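First comes the structure, then the notes that go with it.
Protein chains: 2
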Amino acid sequence: MTETIETFLSRRRKATINDVARLSGVSKKTVSRVINNSPSVHPQTRDEIAEIIARIGFRPDPQARGLAFRRAFLIGLIYDNPNAQYVVNMQMGALDCLRGTGTELVVHPCDWHSAAFLSELREFLENQRPSGVIILPPIAEDRRLLDLLDELNVPHVRVTARTASSEDSSDAGREIVSRDDIGCAEAGAHIAALGHRRIGYIGGNLDYPSAHVRRRGFEAGLAAHGAAIAADLDERGDYSFDSGYEAARRLFEHPNRPTAIICANDEMAAGAYKAAYEAGLHIPGDLTLIGFDDAPIADRLSPPLTTVRLPTREMARMAADRLIAAQPIETGLVVDSALVVRGSSSAPKPGF
Amino acid sequence: MTETIETFLSRRRKATINDVARLSGVSKKTVSRVINNSPSVHPQTRDEIAEIIARIGFRPDPQARGLAFRRAFLIGLIYDNPNAQYVVNMQMGALDCLRGTGTELVVHPCDWHSAAFLSELREFLENQRPSGVIILPPIAEDRRLLDLLDELNVPHVRVTARTASSEDSSDAGREIVSRDDIGCAEAGAHIAALGHRRIGYIGGNLDYPSAHVRRRGFEAGLAAHGAAIAADLDERGDYSFDSGYEAARRLFEHPNRPTAIICANDEMAAGAYKAAYEAGLHIPGDLTLIGFDDAPIADRLSPPLTTVRLPTREMARMAADRLIAAQPIETGLVVDSALVVRGSSSAPKPGF
DNA sequence: TTTAGTATGGTAACCGGTGTCATAAAGCTA
DNA sequence: TAGCTTTATGACACCGGTTACCATACTAAA
Chain A
0 MTETIETFLS RRRKATINDV ARLSGVSKKT VSRVINNSPS VHPQTRDEIA
50 EIIARIGFRP DPQARGLAFR RAFLIGLIYD NPNAQYVVNM QMGALDCLRG
100 TGTELVVHPC DWHSAAFLSE LREFLENQRP SGVIILPPIA EDRRLLDLLD
150 ELNVPHVRVT ARTASSEDSS DAGREIVSRD DIGCAEAGAH IAALGHRRIG
200 YIGGNLDYPS AHVRRRGFEA GLAAHGAAIA ADLDERGDYS FDSGYEAARR
250 LFEHPNRPTA IICANDEMAA GAYKAAYEAG LHIPGDLTLI GFDDAPIADR
300 LSPPLTTVRL PTREMARMAA DRLIAAQPIE TGLVVDSALV VRGSSSAPKP
350 GF
Chain B
0 MTETIETFLS RRRKATINDV ARLSGVSKKT VSRVINNSPS VHPQTRDEIA
50 EIIARIGFRP DPQARGLAFR RAFLIGLIYD NPNAQYVVNM QMGALDCLRG
100 TGTELVVHPC DWHSAAFLSE LREFLENQRP SGVIILPPIA EDRRLLDLLD
150 ELNVPHVRVT ARTASSEDSS DAGREIVSRD DIGCAEAGAH IAALGHRRIG
200 YIGGNLDYPS AHVRRRGFEA GLAAHGAAIA ADLDERGDYS FDSGYEAARR
250 LFEHPNRPTA IICANDEMAA GAYKAAYEAG LHIPGDLTLI GFDDAPIADR
300 LSPPLTTVRL PTREMARMAA DRLIAAQPIE TGLVVDSALV VRGSSSAPKP
350 GF
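These protein sequence lines are chains A and B, in that order.
For the first sequence, this note's numbering gives the first residue as 0, with consecutive numbering after it.
For the second sequence, this note's numbering gives the first residue as 0, with consecutive numbering after it.
Structure (C-alpha cells):
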C-alpha cells in the first residue's frame, strides 16, 4: 500500500526530505535540488514536489543542512558598543531582513580591549561557522579582525562612517557606509545661519572613525557660512555622558563662553545639558546645543535636542541583506545622516 | 606508518572526532563517551583521550552534535519589550553564563499583538530546536506561549515579577522571580519618612505583572509610616515617557498638587521631570520624584532620580544557568529589588 | 570451576541533508 | 540514422557526531 499524504499527515511527525521524496516518488536528491533551486529539474517535477512540500509543511532542518554545507544558518552580530539603543536598533534591522529566511541572529558582544579578543572570536567563528557576520563600530575598524574573517572565509559586512568625499575603499561591497558628515554639515550650517560665532566643540572618542567624520562635517557646514569652531573652545570627550558633562563645564568656565556647543553625540550633549542646568544657563536662550544620533534621550531632554539622525536600523537591514543575498554585490552601500531640528537651537542673544 | 599528533597538527585542518579516535587508538564511540562524560570509560583511557583532545584542539561540531541530539546548541531570548537597556542587560546576563559553553544566544524579539505571534514562534522553535528559551515580561505571562513550549518540549525559564508574599507557583524551577515590591516598599517608606503626605502615583501598563507588584510594594511602604497614595492623585500611564509626561501634567493641574510623585518606572519619571520643568516646579525642592528600574536615564536627569534597582543582568544569568545546568532545579529563584536614593527626593517644603 | 554480572570498547545504523558521478532520455547535428 | 550533447534523475558516499546493540574481558558470586 502506497502511503498517501493524508496518512502521512495523520502521523503528525515533523516532515523530512525522505518523506517528501517518498510521497512524490522521486529520490531525495531531486527534492534537495528543488529546495536549493538548482537548475535542471523538470518544471513539472519541480511543481509537483513543491506542491507536496507545501502540503505537508516540510522545512529543511537547518542543523542537517548546516552539517552538509559546513556552515550554520546563523548571522552573527559582533560589537563592542555601550550604546544600548544603537545595538538594539541594529539587531532589529538585521532581524527585519532575516525574518522568514530560516536564518537566525546570534548576538556576540565582545571586549575589544581584552587580550582574548581575537581568540575568543576565532573560537566562535570556527565552531559555529556562521553564514556571515555583521561588525559594528568601532571594532569594524580592527584590521586583525578583518584578516581573521578572511582567513576563516567568513562573509562579513562592516558598518562604518566615511566622509562624503572619501574615495571608495577596497572593501566596497563588504561595508555599509554612513556619511555622518552630511547631517553634521547641515547642523553646522544651521547654527552658523542662526548667527552663532562663538562655537564650542565636544568631540568623540578618536577610536571611532565617526569622531573624525563628524568633526569634518560640522566644520564644513560652519565654514560655508563663514563660521568655525573656536580654537580655544575645542574639547574632547569619549562619547560618554560624564565626559560631555565635564567638557561642558570647562567650556562654561571660559571667560568668553560659547553661545553654541556642538557635541559629537547625544550622550555628551545630555551631559552638557546637566552642566548648563547647574551653571544656570537656559537652553536655547543662553546656549544652543547640538547632538548626534537622535537617541531616545534627545527627545526626553527639556527642551528636546536638535540632533543628527542616522538610519541605524536601515543600515543593519542592508548589511543583513548583503549577507543572505545570493549574489555578492560589488558596490558599497551608502546612507546619509540628516539634521533634526528641535528646541535646543536658536539665535544667540543680541550682544553676543 | 602511524600518524602522530605532530603530523596531524602540521595539516592544520579542523579536528574531528575521527581524528581524535585515530590518534588515540580507540573508536569514535569511546571519544564520544569522553565528550559527554558518560561513565564506564576507564579513567586512564579517559585521561589519554582528554589529553589528545586538548593537544589538537578538538571541539565537537555543534551542527553535527545538534543533528544527532535533535536540538541546536542555542538559547533563544524571546521578548516584546521596548526598553532597549533592559533587553541589552538581559542579553549580557545570558551571555555571561553562555560564554565558553559552546552555546550561543539567539535573540528573538516578536510582536505580542500580532496575529502571527504564536505561529511565528512555533516555526522558530520547531525549526531551530533551541536547547532552551528565556522569556521576558510581559509575554512571559502568556499562557498560550507556555503551552506551546510544553507541547514542543522546549525547556524554558520565564522572568517575572511577584510580590514577596506570593505563594510559589506551579512553575517553580522554570522561572526567575523578581520581587519588585521589596525595593518599592523601601521607596514608599523613604518618602513617607521624609514627611510627604500628598503623594501622587503614576502606574504602569497593567499588561505587565510588575505594574501590580510595584503598586503593592509602594503602598505597603507608605502604609508602614501611616501614609498612602492620595485617591485623587492616582494616575495611570503605560510605562512610556509621554504617558508619564501627560499624567504628571494632570497631577500638576490639581488644585492641591502632590508634593511627591511615585512613578512605576524611570521612563515615566523622566516624562514627569519634563512636565515639572515646564510647570516651573523645582526638583526636589517643590516636588519629590521616585522611579523604578535604575535605567541609564535616571542618572542623567538633573537632579539624578531616586529609583529602585532590579538586578536584571543577574536575573538573565540565572535564567541561562538553569537552562544549561545538567540537573533541573525544582525551587524557584528569587531576586530582590533595592532602593537607590539620589537627588530627586527630599522633605517637602514646610507648610505643605 | 562455572555462571552471572559489569565494565569497556567496537560495529553499524542513523540524524537529515548535500556532493560526486553515473546513466537514461531527449535534442541536435550531419 | 549514427553519434554527440544536453537535460533530468538516481545511487551512494559523506558531513561529524549520536544511539542501539553486540562482543569481549574482567570481576564477583555460587
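Using N, Cα and C, we set each Cβ at its ideal position, and we do this for glycine too.
Computed from a predicted structure; not experimentally measured.
>> If we define contact as Cβ-Cβ less than 7 angstroms, is E103 (chain B) a contact residue for chain A?
In response: As a first step, residue 103 (chain B) must be located in the second sequence, where it is residue number 104. It does; some Cβ of chain A falls within 7 angstroms.
>> So the candidates are A:L205, A:F240, A:A191, A:P42; which of them puts its Cα closest to the Cα of A219 (chain A)?
In response: The residue given as residue 219 (chain A) occupies position 220 in the first sequence. Sorting A:L205, A:F240, A:A191, A:P42 by C-alpha distance to the C-alpha of A219 (chain A) places A:A191 at the top.
>> Tell me the rounded alpha-carbon separation between N80 (chain A) and A227 (chain A).
In response: What you label residue 80 (chain A) is simply residue 81 of the first sequence in a count that begins at 1. What you label residue 227 (chain A) is simply residue 228 of the first sequence in a count that begins at 1. Roughly 31 angstroms separates the two Cα atoms.
>> Below 8 angstroms, how does it come out for the region 248 to 263 of chain B and the region 46 to 64 of chain B: are there three or more Cβ pairs, yes or no?
In response: no
> Taking the runs of the alpha helix (DSSP H) that are 4 residues or longer, which of them lie wholly in the region 243 to 322 of chain B?
Replying inline: 265 to 277, 295 to 299
>> Tell me the DSSP secondary structure of M23 (chain A) in three-state form.
In response: Locating residue 23 (chain A) in the first sequence gives position 24, where the first residue counts as 1. Looking at the sequence provided, one finds Ser at residue 23 (chain A) rather than Met. Helix.
>> Looking at chain B, is there any beta carbon in it that lies within less than 7 angstroms of the beta carbon of N152 (chain A)?
In response: Translated into positions along the first sequence, residue 152 (chain A) becomes position 153. False, the Cβ-Cβ gap to chain B never drops below 7 angstroms.
> What are the residues of the region 238 to 258 of chain A that lie near chain B, defined by any Cβ-Cβ distance shorter than 8 angstroms?
Replying inline: F240
>> Applying the 10 Å Cβ sphere with the 16-neighbour rule, what's the burial state of V347 (chain B)?
In response: For the purposes of this step, residue 347 (chain B) is identified with residue 348 of the second sequence, where counting begins at 1. According to the sequence displayed, residue 347 (chain B) carries Pro and not Val. Under this definition P347 (chain B) is a buried residue.
> Rounded to a whole number of angstroms, what is the C-alpha to C-alpha distance between N35 (chain A) and G270 (chain A)?
Replying inline: By one-based count along the first sequence, residue 35 (chain A) stands at place 36. By one-based count along the first sequence, residue 270 (chain A) stands at place 271. One C-alpha to the other measures close to 53 angstroms.
> Can at least three beta-carbon pairs, one atom from the region 288 to 300 of chain A and one from the region 58 to 75 of chain A, be found at a separation below 8 angstroms?
Replying inline: no
> Does S130 (chain A) come within less than 7 angstroms of chain B when only Cβ atoms are used?
Replying inline: To locate residue 130 (chain A), count along the first sequence from 1; it is residue 131. Among the residues facing chain B, S130 (chain A) is not included, as its CB has no counterpart in that chain under 7 angstroms away.
> If you run the structure through DSSP and keep just helix, strand and coil, what is M0 (chain B)?
Replying inline: Start at 1 with the first residue of the second sequence, and residue 0 (chain B) comes out as number 1. Caution applies to M0 (chain B), whose pLDDT of 43 falls short of 50 and renders its modelled position unreliable; the value that the coordinates give is listed next. DSSP places M0 (chain B) in coil when its eight states are reduced to three.
> Nearest CA to the CA of R69 (chain A): which residue from A:P129, A:A274, A:Y85?
Replying inline: For this step, residue 69 (chain A) is matched to residue 70 along the first sequence. Minimum Cα distance to R69 (chain A) is reached at A:P129.
>> So the candidates are B:H107, B:R98, B:G99; which of them puts its Cα closest to the Cα of G101 (chain A)?
In response: Residue 101 (chain A) sits at position 102 when you count from the first residue of the first sequence. Nearest C-alpha to G101 (chain A) among B:H107, B:R98, B:G99: B:H107.
> From N17 (chain B) to N126 (chain A), what does the alpha carbon distance come to, in whole angstroms?
Replying inline: Residue 17 (chain B) sits at position 18 when you count from the first residue of the second sequence. Residue 126 (chain A) sits at position 127 when you count from the first residue of the first sequence. Using only the alpha carbons, I get a separation of about 17 angstroms.
> Is T358 (chain A) helix, strand or coil by DSSP?
Replying inline: As shown, chain A starts at 0 and ends at 351. That puts residue 358 (chain A) outside it, with no answer to give.
> Mind checking if Y200 (chain B) is an interface residue toward chain A, Cβ cutoff 7 angstroms exclusive?
Replying inline: Counted from its first residue, the second sequence places residue 200 (chain B) at position 201. For Y200 (chain B), the answer is no, since every Cβ of chain A falls outside 7 angstroms of its Cβ.
> Is there a Cβ from chain B that is less than 7 angstroms from the Cβ of S301 (chain A)?
Replying inline: If you number the first sequence from 1, residue 301 (chain A) lands on position 302. True, the Cβ-Cβ gap to chain B drops below 7 angstroms.
> What residues from the region 46 to 75 of chain B come within 7 angstroms of chain A, judged by C-beta to C-beta, listed N to C?
Replying inline: Those residues of the region 46 to 75 of chain B that come within reach of chain A (Cβ to Cβ, closer than 7 angstroms) are R58, P61, Q62, A63, G65, L66, A71.
>> Let me check understanding here. Comparing Cα to Cα, which of A:P208, A:I201, A:I175, A:G216 lies closest to H189 (chain A)?
In response: Counted from its first residue, the first sequence places residue 189 (chain A) at position 190. Among A:P208, A:I201, A:I175, A:G216, the Cα nearest to that of H189 (chain A) is on A:G216.
> Shorter than 7 angstroms from the beta carbon of N366 (chain B) to some beta carbon of chain A?
Replying inline: As displayed, chain B neither begins before 0 nor continues past 351, which places residue 366 (chain B) out of reach and without an answer.
>> Taking only three categories from DSSP, how would you classify F123 (chain B)?
In response: Here residue 123 (chain B) is taken as the residue at index 124 of the second sequence, counted from 1. Residue state, collapsed to three classes: helix.
> What residues in its chain sit with their C-beta under 8 angstroms from that of D233 (chain A), if we drop five residues either side in the sequence?
Replying inline: Locating residue 233 (chain A) in the first sequence gives position 234, counting from the first residue. Around D233 (chain A): G199, Y200, G202.
> Is the Cβ-Cβ distance between M314 (chain B) and V334 (chain B) less than 7 angstroms?
Replying inline: Translated into positions along the second sequence, residue 314 (chain B) becomes position 315. Translated into positions along the second sequence, residue 334 (chain B) becomes position 335. Contact: yes.
>> I'd like the span of the alpha helix (DSSP H) that includes I190 (chain A), first residue to last.
In response: Position 191 of the first sequence, counting from 1, holds the residue named residue 190 (chain A). Counting along the chain, the alpha helix (DSSP H) containing I190 (chain A) begins and ends at 179 to 193.
>> What does the Cβ neighbour count give for G131 (chain B), buried or exposed, with the cut at 16 atoms within 10 Å?
In response: Within the second sequence, numbered from 1, the residue matching residue 131 (chain B) stands at position 132. Flag for G131 (chain B) reads buried.
> Do P136 (chain B) and Y207 (chain B) have their C-beta atoms within less than 7 angstroms of each other?
Replying inline: Your numbering for residue 136 (chain B) matches position 137 in the second sequence. Your numbering for residue 207 (chain B) matches position 208 in the second sequence. In this structure, Y207 (chain B) lies closer than 7 angstroms to P136 (chain B) by Cβ.
> Where does H107 (chain A) sit, in a helix, a strand or coil, going by DSSP?
Replying inline: Against the first sequence, residue 107 (chain A) aligns to sequence position 108. Residue state, collapsed to three classes: strand.
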